[in-house]
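Trainee: Mapping of the sequence shown onto this note's numbering: position 94 corresponds to residue 125, and the numbering continues sequentially without gaps.
Got a structure for you, written out below as structure tokens; questions coming shortly.
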Amino acid sequence: MRGNVIDMAVGVIIGGAFGKIVSSIVADVIMPPIGLLVGGVNFTDLKLQLKPAEVVDGVEKAAVTLNYGNFLQATFDFIIIAFSIFLFIRLLAKLNRKKE
């Protein structure tokens with residue numbers, strides 16, 4: 032039992048680190064060329080302004096925006112992480128079949 036808990040803890044730590052690596056690959060390597068192909072768009076900057084910024088009694092109130100670009104970025108991250116995990120599990124299953 033104790034070995035399984037340690038294995039799971041190591042898996043969670045490695046998974047977190049792997050997620051950061053994949054996020055960096057998506058944000059820094061994959062998305063810039065895609066943004067260039069669609070007209071130089073940085074996806075994280077995409078937003079829909081619901082209410083513009085305004086100054087009330089000398090205090091500036093920030094604009095209300097719907098940041099759908101961040102959602103797109105997170106969705107791309109998830110798809111790539113899920114696909115990577117799928118390939119890894121498939122590889123492990125294939126190795127286990129060869130072992131038997």
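The beta carbon of each residue, even a glycine, is placed where N, CA and C say it ideally should be.
Please list, in chain order, all residues of the same chain as K82 whose beta carbon is under 8 Å from its beta carbon, the five residues on each side excluded.
Mentor: What you label residue 82 is simply residue 51 of the sequence shown in a count that begins at 1. Correct list, in chain order: A94, V95.
Trainee: Going by alpha carbons, who is nearest to V78 out of N101, V57, K92, I56?
Mentor: Within the sequence shown, residue 78 is the residue found at index 47, counting from 1. Sequence inspection shows Lys at residue 78; the Val mentioned does not correspond to that position. Cα-wise, what sits closest to K78 is N101.
Trainee: Kindly indicate which three-state DSSP category V53 falls into: helix, strand or coil?
Mentor: Translated into positions along the sequence shown, residue 53 becomes position 22. In the structure shown, V53 sits in a helix (DSSP, three-state: H, G or I).
Trainee: Output the distance between the C-alpha atoms of L123 and A84, rounded to the nearest integer angstrom.
Mentor: Residue numbering aside, residue 123 sits at position 92 when the sequence shown is read from its first letter. Residue numbering aside, residue 84 sits at position 53 when the sequence shown is read from its first letter. Distance between the alpha carbons of L123 and A84: 53 Å.
Trainee: In terms of residues, what are the limits of the alpha helix (DSSP H) holding L68?
Mentor: For the purposes of this step, residue 68 is identified with residue 37 of the sequence shown, where counting begins at 1. Its alpha helix (DSSP H) spans residues 62-68.
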